[in-house]
Amino acid sequence: MRPNAPSAIKTPQVRTRLRLHAIAMLLALGGTALVVRAVDLQVVRNEFYQNQGDQRFVRERAIPVSRGMVVDRNGEPLAVSTPVESIWAEPKEVLAHRERIPDLARALGVDAVEFEQRLAQRADREFVYLRRHLPPDQSAAVLALGVPGVNVQREFRRYYPAGEAMAHVLGFTNIDDRGQEGLELAFDEWLTGTPGMKRVIQDRRGEVVENVELVREPQPGRDLRLSIDRRLQHLAYKEIVAAVAEHRARAGSMVVLDVRTGEILAMANWPSYNPNARGASEASARRNRAVTDVIEPGSVVKVLTVGAGLESGKFKPETLIDTTPGWMPVANHVVRDIRNFGVVDLTRLLVKSSNVASTRIAQQLTDEHLYDMFRRFGFGQATGCGFPGESAGVLSAPNRWGPVEKATLSYGYGLSVTPLQLAQAYAAIGNGGRLRAPTFVAGAQTPDAAVLDPQIARTLVDMLTHVVAEGSGAKASVPNYHVAGKTGTSRKAMAGGYQSRYISVFAGLVPSSAPRLAAVVVIDDPQGDAYYGGLVAAPVFGRVMPGALRLLDITPDNLDATLAGMTPTTLPAAAAPDADADVHSPFAEGVQP
Ligand code: 59J
Numbered sequence: 148m149r150p151n152a153p154s155a156i157k158t159p160q161v162r163t164r165l166r167l168h169a170i171a172m173l174l175a176l177g178g179t180a181l182v183v184r185a186v187d188l189q190v191v192r193n194e195f196y197q198n199q200g201d202q203r204f205v206r207e208r209a210i211p212v213s214r215g216m217v218v219d220r221n222g223e224p225l226a227v228s229t230p231v232e233s234i235w236a237e238p239k240e241v242l243a244h245r246e247r248i249p250d251l252a253r254a255l256g257v258d259a260v261e262f263e264q265r266l267a268q269r270a271d272r273e274f275v276y277l278r279r280h281l282p283p284d285q286s287a288a289v290l291a292l293g294v295p296g297v298n299v300q301r302e303f304r305r306y307y308p309a310g311e312a313m314a315h316v317l318g319f320t321n322i323d324d325r326g327q328e329g330l331e332l333a334f335d336e337w338l339t340g341t342p343g344m345k346r347v348i349q350d351r352r353g354e355v356v357e358n359v360e361l362v363r364e365p366q367p368g369r370d371l372r373l374s375i376d377r378r379l380q381h382l383a384y385k386e387i388v389a390a391v392a393e394h395r396a397r398a399g400s401m402v403v404l405d406v407r408t409g410e411i412l413a414m415a416n417w418p419s420y421n422p423n424a425r426g427a428s429e430a431s432a433r434r435n436r437a438v439t440d441v442i443e444p445g446s447v448v449k450v451l452t453v454g455a456g457l458e459s460g461k462f463k464p465e466t467l468i469d470t471t472p473g474w475m476p477v478a479n480h481v482v483r484d485i486r487n488f489g490v491v492d493l494t495r496l497l498v499k500s501s502n503v504a505s506t507r508i509a510q511q512l513t514d515e516h517l518y519d520m521f522r523r524f525g526f527g528q529a530t531g532c533g534f535p536g537e538s539a540g541v542l543s544a545p546n547r548w549g550p551v552e553k554a555t556l557s558y559g560y561g562l563s564v565t566p567l568q569l570a571q572a573y574a575a576i577g578n579g580g581r582l583r584a585p586t587f588v589a590g591a592q593t594p595d596a597a598v599l600d601p602q603i604a605r606t607l608v609d610m611l612t613h614v615v616a617e618g619s620g621a622k623a624s625v626p627n628y629h630v631a632g633k634t635g636t637s638r639k640a641m642a643g644g645y646q647s648r649y650i651s652v653f654a655g656l657v658p659s660s661a662p663r664l665a666a667v668v669v670i671d672d673p674q675g676d677a678y679y680g681g682l683v684a685a686p687v688f689g690r691v692m693p694g695a696l697r698l699l700d701i702t703p704d705n706l707d708a709t710l711a712g713m714t715p716t717t718l719p720a721a722a723a724p725d726a727d728a729d730v731h732s733p734f735a736e737g738v739q740p
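148 is the number of the first residue of the sequence shown in our numbering; add one for each residue after it.
Next up, the structure:
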């Protein structure tokens with residue numbers, strides 16, 4: 148201790164004062180810090196913390212709405228949304244309880260390490276799905292773990308009770324229940340509705356503590372009633388599957404229309420897929436071929452050529468056409484029949500399916516008239532049924548024709564049509580010459596257009612009745628009903644010309660006396676011994692229609708005379724049986740030009 152430094156000598160009083168001073172200084176400093184901190188929290192960073200608090204506790208939550216049901220014309224379900232549960236999480240919250248992750252991963256059926264990585268990558272998000280579309284009991288097991296930040300959300304999954312039979316027409320939805328294909332896509336807005344929105348207070352586990360307000364009223368999706376008859380659809384699908392299998396064909400389609408309304412009663416295709424487990428299916432199996440795929444129709448369009456001939460006034464039903472010797476040159480081309488049919492009237496033209504006679508009619512018509520006839524019956528234009536991806540087919544304009552194009556068009560080549568277009572055209576013939584856009588919606592009133600004189604339409608139906616009664620369409624016959632129809636067998640055009648591959652077609656109307664149903668059967672590339680339309684496609688019509696007529700309660704027009712004591716009066720007297728009516732006769736080679 149040094150005497151010359153008295154100031155340094157601290158008395159106990161002085162020491163105490165200093166200590167107090169220091170404490171006061173510290174307190175003052177601390178106070179300042181607190182004030183600064185408070186200002187920081189309450190003023191400077193107020194917004195940030197308020198948001199954080201709000202984010203944790205006040206949330207906007209969607210009020211899920213279910214997608215509308217699709218039902219058949221009788222109200223039978225075709226597409227229904229079943230409730231499922233999706234597990235979601237706030238990644239930060241879960242990561243804050245890392246020790247629970249292995250249990251959680253096990254309950255979710257995922258690898259724990261990958262699961263944690265995934266959460267970490269999405270740590271800045273507030274909402275991450277862990278598993279979607281779980282049955283309620285499974286999601287309950289996950290929730291029972293009580294892991295903070297793990298929540299459940301009600302969602303809907305589409306189920307298609309008619310399975311493969313209806314798959315192409317309905318299409319499907321994605322995991323968010325939005326339409327992706329088919330009618331699910333075409334009517335997506337109608338079916339979807341609008342989810343509601345509410346503001347809620349929830350605790351840290353995501354449980355709703357309080358509903359604060361309704362932000363938006365939920366608008367549930369609306370139901371859609373289709374024109375399809377589910378029972379008839381199953382019948383058509385079953386017979387298409389059977390015919391394709393029997394003839395080892397590549398594909399097959401059938402369309403059944405209500406002649407008077409244009410309603411599509413059935414539309415079936417093979418190959419098909421399971422719409423409830425779509426993952427495994429190939430894209431080619433998912434096409435609604437009846438609407439998206441085109442064929443060269445061949446002979447089934449000859450009835451339009453005959454119709455145009457009658458319209459022209461140059462032909463009457465009994466007008467005779469000489470087809471001898473069964474072929475004819477047209478420019479640098481030869482039009483051939485399978486045999487020499489000799490002299491035929493217009494009914495025989497259809498019964499025998501003479502390419503030569505069709506060509507002779509076409510040669511008497513102007514190009515414009517023939518074109519206009521095909522055009523009026525809907526060829527080359529989408530039908531307006533509204534199906535996504537519908538093909539319009541191709542009908543080239545007369546300024547692009549030469550004599551060969553005109554001739555081949557008259558018996559169904561050089562144009563392409565969908566099975567639905569063919570059915571629409573036949574329905575118009577059956578409907579007294581009034582064409583209607585086909586529709587998938589029950590009770591829809593689509594406008595109709597007069598495209599043919601009703602008298603001529605009636606005459607064509609009667610002629611087509613002979614094709615089934617005495618010609619190549621015999622296997623399309625239906626007990627107790629008169630059937631009108633036409634078979635066709637077209638060689639398939641591919642790179643390198645027309646091949647020894649075929650499309651077998653039948654287009655028909657029933658009952659002939661007052662047609663109610665129009666149906667088209669297309670079997671693509673039958674591989675068996677039989678490939679004629681009369682042997683491959685017509686029998687499908689013959690197997691489906693009895694059930695269809697019964698289901699729709701359509702009165703027979705051909706009851707056994709002993710039962711009903713009546714005979715159809717609208718039909719012309721049956722022609723004498725024809726010695727040429729053998730549809731099994733081997734086809735002469737060398738039909739190609
Ligand atoms: C046919 C064609 C191809 C395209 C010919 C069918 C033509 C033609 C060039 C040979 C099989 C075959 C433009 S046949 O549908 O005439 O339905 O029960 O594919 O004629 O000129 O080996 N139909 N079919 N023709 N082409 N080009 C007959 C007929 C028809 C039947 C049978 C036997 C053809 C009675 C088809 C049926 O009416």
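Glycine included, every Cβ here is placed at the ideal spot set by N, Cα and C.
Check your understanding: Ordered along the chain, which non-local residues of its own chain (more than five positions away) have a Cβ less than 8 Å from that of R369?
Key -> Numbered from its first residue, the sequence shown carries residue 369 at position 222. Cβ neighbours of R369 within its own chain (closer than 8 Å, five residues either side excluded): G215, W337, L338, G340.
Review point. Would you report the Cα separation of S659 and M401, rounded to the nearest angstrom?
Key: In the sequence shown, residue 659 corresponds to position 512, counting from 1. In the sequence shown, residue 401 corresponds to position 254, counting from 1. S659 and M401 have their C-alpha atoms spaced approximately 20 Å apart.
Check your understanding: Could you give the residue range of the alpha helix (DSSP H) that holds H480?
Key -> In the sequence shown, counting from the first residue as 1, residue 480 sits at position 333. No alpha helix (DSSP H) contains H480, which is instead part of the beta strand (DSSP E) from 480-483.
Point to revise | Boundaries (first-last residue) of the alpha helix (DSSP H) holding L451 | key: Stepping through the sequence shown from its first residue, residue 451 is reached at position 304. Residues 449-459.
**Study point:** Same chain, Cβ closer than 7 Å to H394, five either side skipped, listed in chain order
**Key:** Position 247 of the sequence shown, counting from 1, holds the residue named residue 394. The answer, listed in chain order, is I670, P673, Q674, G675, A677, V683.
**Study point:** Cα-Cα separation, S624 to E331
**Key:** Here residue 624 refers to the residue found at position 477 when the sequence shown is read from its first residue. Here residue 331 refers to the residue found at position 184 when the sequence shown is read from its first residue. S624 and E331: Cα-Cα distance of roughly 36 Å.
Point to revise | 3 or more residues per run - each beta strand (DSSP E) lying fully within the region 592-663 | key: Counting only runs of 3 or more residues that sit fully inside the region 592-663, the beta strand (DSSP E) segments are 595-597, 631-641, 644-657, in chain order.
Check your understanding: Regarding R325 and the ligand PLP, is the C-beta to nearest heavy atom distance less than 7 Å?
Key -> Ligands present in the displayed structure are limited to the ligand 59J, and the ligand PLP is not among them.
Check your understanding: Which residues share a DSSP beta bridge with D469?
Key -> If you number the sequence shown from 1, residue 469 lands on position 322. Partner(s): V490.
Review point. Taking one C-beta from the region 360-375 and one from the region 209-228 each time, how about it: are there three or more such pairs within less than 8 Å?
Key: Two segments are said to touch when three or more pairs of C-beta atoms, one from each, lie closer than 8 Å; by this definition the region 360-375 touches the region 209-228.
Practice item. Starting from the C-beta of Q528, find all residues in its chain whose C-beta is less than 7 Å away, skip the five residues before and the five after it, and write them out in chain order. Key: The count along the sequence shown starts at 1 and reaches residue 528 at position 381. Answer for Q528: A539, listed in chain order.
Check your understanding: Whose C-beta lies closer than 6 Å to the C-beta of A711 among residues of the same chain, with five residues either side of it excluded?
Key -> In the sequence shown, residue 711 corresponds to position 564, counting from 1. Annotation note: pLDDT 49 at A711 (below 50); position unreliable, no value reported.
Check your understanding: Taking the alpha carbon of L379 as the point to measure from, which residue in P703, T702, G694 has its own alpha carbon closest?
Key -> Stepping through the sequence shown from its first residue, residue 379 is reached at position 232. Among P703, T702, G694, the Cα nearest to that of L379 is on G694.
Check your understanding: Can you check whether the CB of A640 is closer than 8 Å to the CB of L611?
Key -> The residue given as residue 611 occupies position 464 in the sequence shown. The residue given as residue 640 occupies position 493 in the sequence shown. Contact: no.
Check your understanding: Which residues in the same chain have their Cβ closer than 6 Å to the Cβ of G579, if we skip the five residues on either side of it in sequence?
Key -> Your numbering for residue 579 matches position 432 in the sequence shown. Closer than 6 Å at the Cβ level, and outside the excluded window around G579, lie P601, A604.
Exercise for review: Check the DSSP bridge columns for R690 and list the partner residues they point to.
Suggested key: Counting from one through the sequence shown, the residue named residue 690 turns up at place 543. The partner list for R690 (beta bridge, DSSP) is empty, contrary to what the question assumes.
Point to revise | Per DSSP, cross-strand counterpart(s) of L582 | key: Here residue 582 refers to the residue found at position 435 when the sequence shown is read from its first residue. Bridge partners of L582: A596.
Review point. Among residues of its own chain, excluding the 5 on either side of R433, which ones have a beta-carbon nearer than 6 Å to its beta-carbon?
Key: For the purposes of this step, residue 433 is taken as the residue at position 286 of the sequence shown. Non-local beta-carbon contacts of R433 in its own chain, meaning distances under 6 Å to residues more than five positions away in sequence, involve Y420 in chain order.
Point to revise | Close-in-space but distant-in-sequence residues of the same chain around P283 (CB under 8 Å, 5 per side omitted) | key: The residue given as residue 283 occupies position 136 in the sequence shown. Within the same chain, and ignoring the five residues on either side of P283 in sequence, the residues whose Cβ sits closer than 8 Å to its Cβ are P230, V231, E232.
Point to revise | Length of the line joining the Cα atoms of L404 and P585 | key: As a working mapping, residue 404 is identified with position 257 in the sequence shown. As a working mapping, residue 585 is identified with position 438 in the sequence shown. One C-alpha to the other measures close to 7 Å.
Check your understanding: Out of S459, G680, V355, which has the shortest C-alpha to C-alpha gap to S619?
Key -> Locating residue 619 in the sequence shown gives position 472, counting from the first residue. Across the set S459, G680, V355, the C-alpha of G680 shows the shortest separation from the C-alpha of S619.
Practice item. Report the partner residues of T320 according to the DSSP bridge assignment. Key: On the sequence shown, residue 320 is found 173 positions in, with the first residue counted as 1. Beta-bridge pairing links T320 to G326.
Point to revise | Length at least 4, wholly inside the region 227-313: the alpha helix (DSSP H) runs in chain order | key: Fully enclosed alpha helix (DSSP H) runs of no fewer than 4 residues occupy 238-242, 248-255, 259-268, 283-291 of the region 227-313, in order along the chain.
Review point. Under three-state DSSP, which class holds L556?
Key: Numbered from 1 along the sequence shown, position 409 holds the residue referred to as residue 556. In the three-state reduction of the DSSP assignment, L556 falls in the helix class, which pools H, G and I.
Exercise for review: In the DSSP assignment, find the unbroken alpha helix (DSSP H) run with Q571 in it and report its ends.
Suggested key: Numbered from its first residue, the sequence shown carries residue 571 at position 424. Looking at the DSSP string, the run of the alpha helix (DSSP H) that includes Q571 is 566-577.
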